[in-house]
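Engineer: Quick one: the structure is below, and I'll ask about it shortly.
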Amino acid sequence: MRRRAAFAALVALAAAATRPAAAQTPPALIAHGLRAFQNLDYDSASALLRGALAAPAAADLPDSARSRALLYLGATEVFRGNRDSAMAAFRRLLIGDPRYRPDQLIFPPEVSNLFAEVRLGTKAVAALVAPRTELRTAGDRLVVRLFATSSHEVAAAVTRPGGATVRVLYRGAIGDSLELLWDGRDSAGVAADSGRLELRIASRAPGVRGLRLVQVPLELHVARHDTLPWPPAPADSLLRPEHAPGGSGLRALARGTLGAVAVVALPPIVASGADASSARFAISGAIALSGLYGFLAERRPQRIPVNIAANRALREDWRSRADAIRARNAGLRQERSLVILAGRPVASESP
Amino acid sequence: MRWRVSVLVAAGALAASGAAAQLPRGLTLEGAAATARLRTTSTGGAEALSGPTLGAEAAFARRAVSLRVGYLQGRLTPDSGSPAARDLVEGWALVGYRPLAWLDLEGGAHARAWVTPAVTARRLFFELTARAEVPVVARDALVYVALTRAMAAGAGAGDAVLSARGGEGGLIVRPPRLPVTVRLAYRIDRTRLRAAEREETFDGVSLAVGFGGR
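See below:
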């Protein structure tokens, strides 16, 4: 009978050993750990939660799951009497999520109090940046919200990947939270070009060694506006002919000649035999010359004033539209928008 | 006779050559300076006088109707011999109608006085004028010819006008884009009087500058 029981136990163990690997994933380990915590099996809970957090796949855990695992790990260590381990778990939790607070309905005061103690002693911030921000106008800003575990000194700056400072955004104390703005320009006021930058928020507490850093990768894309196309020039088909072909000019010549003859012939008609003034020949000559001039002028292409005025109005209308577009394009060439893509914040701690 | 026929033919040809002269519309004011000559013949002999005159004319035209009033005066001195120098004073008021674009018909009164220290000889004509006006250089220069005939006339006491007729021809220049006209004209008229078979031939060349009426 005992042999049978021992055999059954071996079979069960073998079956358990051959369960799918999915059961060993960090989420599953966390679930088992929480169940063990609720069953007051703190040793198993500690082992399972540590295993979940130490697994290579733990990096893929959502922030909320990781924070929950660390909180329960800390609480577990409190109940196991490992105060330092509990504080380390809480500290790790707060560095990753400074806004996290334990539910006081679930956790007893000894857990909440220790968590609060650790929170006061931990100087870290969390940065919240919109994944995509577009700075289109001069008034647009990238908004960075900082949430602190507790009051301390922070320094926030936009830097190049190598660490060179592009623009210091803030240097000073932070209480609970802080909102920082960046206009997309460096310290000299020069607009940033496309490329990769970093938002670095360093936390430091006076008299405390070590520096906590939150880095948010920023990817910048400069987008320039397209200029407007020029209005099409008036088509030739819309323009009226401005000149008419010249005439023969004979009409003007005939009129001038006949007028000149008439002036010379006036005295014999009106006062035959009179001693008329010879000055009339000068008048007659002037009329004849005007006829000759008219003859030459009529042979030239004749301007059509109405058509010329209509074409001028058409061209001026086009020119005014083109001027308006030229002015608009000059403005568009000056305008540009800066698209800032913010990556996932990464918190780190240096000794 | 040949001259008369030729001028009539010329006036007809001018008229037949077509386009409207587009006479100035609205109010026109004109000032004129002229060199006038007076030649008289009578049973008592001949006289020749000449001298400058100055005149002014106001014309108003609306649609096909026009009104012209003018005044002229000057002093004529003898060219030779011993006739007395005399002042010339003229005034006229004429109403016009334009039946065709190139033709104006005018009628009205025309008064003239020759004033010497001894006597003032007055003439009063009720005359009719036909005036043809056509452009020769686009609308910037026009040529015109006018023929006038007195339908009724009167002279001072003891005399009578047997006939009176006249003519005028000239060139009108309208500088583009300016409300100014410049007129160069030759004018002649002859008056036959009963007393001493007197004939007065008055002619001259004038230069006038007008404003308005484009």
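From first to last, the protein sequence lines are chains A and B.
For the first sequence, the residue numbers in numbering that gives the first Met the number 0 are 0 to 350.
For the second sequence, the residue numbers in numbering that gives the first Met the number 0 are 0 to 213.
A virtual CB, placed ideally from N, CA and C, is assigned to each residue, including glycine.
Where does R268/A fall in DSSP's three states?
Structural biologist: According to the sequence as given, residue 268/A is Ile; it is not Arg. Of the three classes helix, strand and coil, the one that applies to I268/A here is helix, per DSSP.
Engineer: Between Q37/A, A253/A, L48/A, which lies nearest to Q23/A when the distance is taken from Cα to Cα?
Structural biologist: Residue L48/A is the option with its Cα nearest to Q23/A.
Engineer: For W229/A, I'd like the list of residues in its chain whose CB is within less than 7 Å of its CB, leaving aside the five on either flank, ordered along the chain.
Structural biologist: Excluding residues within five positions, the ones whose Cβ falls inside 7 Å are A321, I324.
Engineer: Chain A beta carbons: is any one of them nearer than 7 Å to that of R38/B?
Structural biologist: R38/B counts as touching chain A.
Engineer: Can you check which of these residues, G203/B, L104/B, A207/B, is closest to R36/B by C-alpha distance?
Structural biologist: For the residues G203/B, L104/B, A207/B, the minimum Cα distance to R36/B belongs to G203/B.
Engineer: Of all the residues that make up the stretch 66-80 of chain B, which are near chain A by a beta-carbon distance shorter than 7 Å?
Structural biologist: Hits within the stretch: zero.
Engineer: Going by other Cβ atoms of all chains shown within 10 Å of its Cβ, with 16 needed for buried, is L92/A buried or exposed?
Structural biologist: Buried, by the Cβ-count rule.
Engineer: Once DSSP output is grouped into helix, strand and coil, what is the label at S41/B?
Structural biologist: Correct three-state label for S41/B: strand.
Engineer: Can we say the stretch 99-112 of chain B touches the stretch 122-138 of chain B, given the rule of at least three CB pairs closer than 8 Å?
Structural biologist: Yes: the two stretches touch, three or more of their Cβ pairs being nearer than 8 Å.
Engineer: Return the CA-CA distance between D139/B and S277/A, expressed in angstroms with no decimal places.
Structural biologist: Whole-angstrom Cα-Cα distance: 27 Å.
Engineer: Just to confirm before moving on: does the CB-CB distance between W101/B and V133/B stay below 7 Å?
Structural biologist: Yes, the pair counts as a contact, with Cβ atoms nearer than the cut-off.
Engineer: Against chain A, which members of the stretch 133-161 of chain B pass a CB distance test of less than 8 Å?
Structural biologist: Within the stretch 133-161 of chain B, the qualifying residues are V133, P134, V135, V136, A137, A140, V142, Y143, V144, L146.
Engineer: Do you know whose CA, among V179/B, A156/B, A120/B, lies nearest E199/B's CA?
Structural biologist: When each option's Cα is compared against that of E199/B, the closest is A120/B.
Engineer: Less than 7 Å separating the beta-carbons of G166/B and T27/B?
Structural biologist: Contact flag unset, no.
Engineer: Quick one: is R189/B near chain A, going by C-beta distance under 7 Å?
Structural biologist: Cβ-Cβ to chain A under 7 Å: yes for R189/B.
Engineer: Residues of the stretch 245-266 of chain A in Cβ contact with chain B at a cutoff of 7 Å, in chain order, please.
Structural biologist: Flagged, chain order: R250, A251, A253, R254, G255, L257, G258, V260, A261, V262, A264, L265, P266.
Engineer: Please report the Cβ distance between A259/A and A287/A, rounded to the nearest whole angstrom; I am assuming they are in contact, meaning their Cβ atoms lie under 8 Å.
Structural biologist: That pair is a contact at about 4 Å.
Engineer: Using a Cβ-Cβ cut-off of less than 8 Å, give me the residues of the stretch 268-288 of chain A that come near chain B, in sequence order.
Structural biologist: If the cut-off is 8 Å between Cβ atoms, the stretch 268-288 of chain A has I268, V269, A270, S271, A273, D274, A275, S276, A278, R279, A281, I282, S283, A285, I286 near chain B.
Engineer: According to DSSP, what are the bridge partners of V204/B?
Structural biologist: Partner(s): T34/B, Y185/B.
Engineer: Secondary structure at Q72/B, three-state DSSP: helix, strand or coil?
Structural biologist: Of the three classes helix, strand and coil, the one that applies to Q72/B here is strand, per DSSP.
Engineer: Can you confirm whether the stretch 148-160 of chain A touches the stretch 111-124 of chain A when touching is taken to mean that 3 or more C-beta pairs between the two stretches lie within less than 8 Å?
Structural biologist: Yes, since at least three Cβ pairs between the stretch 111-124 of chain A and the stretch 148-160 of chain A fall closer than 8 Å, the two stretches touch.
Engineer: Which class does P304/A belong to by DSSP, given the choice of helix, strand or coil?
Structural biologist: If DSSP states are grouped into helix, strand and coil, P304/A belongs with the helices.
Engineer: Could you tell me whether the Cβ atoms of L93/B and G73/B are closer together than 7 Å?
Structural biologist: Their beta carbons are not under 7 Å apart, which means L93/B does not touch G73/B by this criterion.
Engineer: Just the C-alpha distance for A281/A and A184/B, rounded to the nearest angstrom, thanks.
Structural biologist: Between A281/A and A184/B, the C-alpha separation is close to 10 Å.
Engineer: Below 8 Å on C-beta distance, what does A243/A contact in chain B?
Structural biologist: By Cβ distance, chain B contributes nothing, its closest Cβ being about 12 Å from A243/A, past 8 Å.
Engineer: V181/B and V208/B - do their beta-carbons sit closer together than 7 Å?
Structural biologist: For V208/B and V181/B, yes; Cβs fall inside 7 Å.
Engineer: Should L123/B be flagged as near chain A, meaning a C-beta pair shorter than 7 Å?
Structural biologist: With 7 Å as the cut-off, L123/B does not count as an interface residue toward chain A.
Engineer: Which one or two residues does DSSP pair with I94/A in a beta bridge?
Structural biologist: Looking at the DSSP assignment, I94/A forms no beta bridge with any residue, so it has no partner.
Engineer: Bridge partners of E152/A, per DSSP?
Structural biologist: Note: E152/A sits in a beta bridge opposite A172/A, R203/A.
Engineer: With DSSP as the reference, identify every bridge partner of I222/B, one or two as the case may be.
Structural biologist: This structure leaves residue 222/B out entirely; chain B is present only between 0 and 213.
Engineer: Looking at the structure shown, is F106/A part of a helix, part of a strand, or coil, going by DSSP?
Structural biologist: DSSP places F106/A in coil when its eight states are reduced to three.
Engineer: Can you list, in chain order, the residues of its chain whose CB lies under 6 Å from that of L71/B, leaving out five sequence neighbours each side?
Structural biologist: So the list reads T52, G54, E89, once near-sequence residues are dropped.
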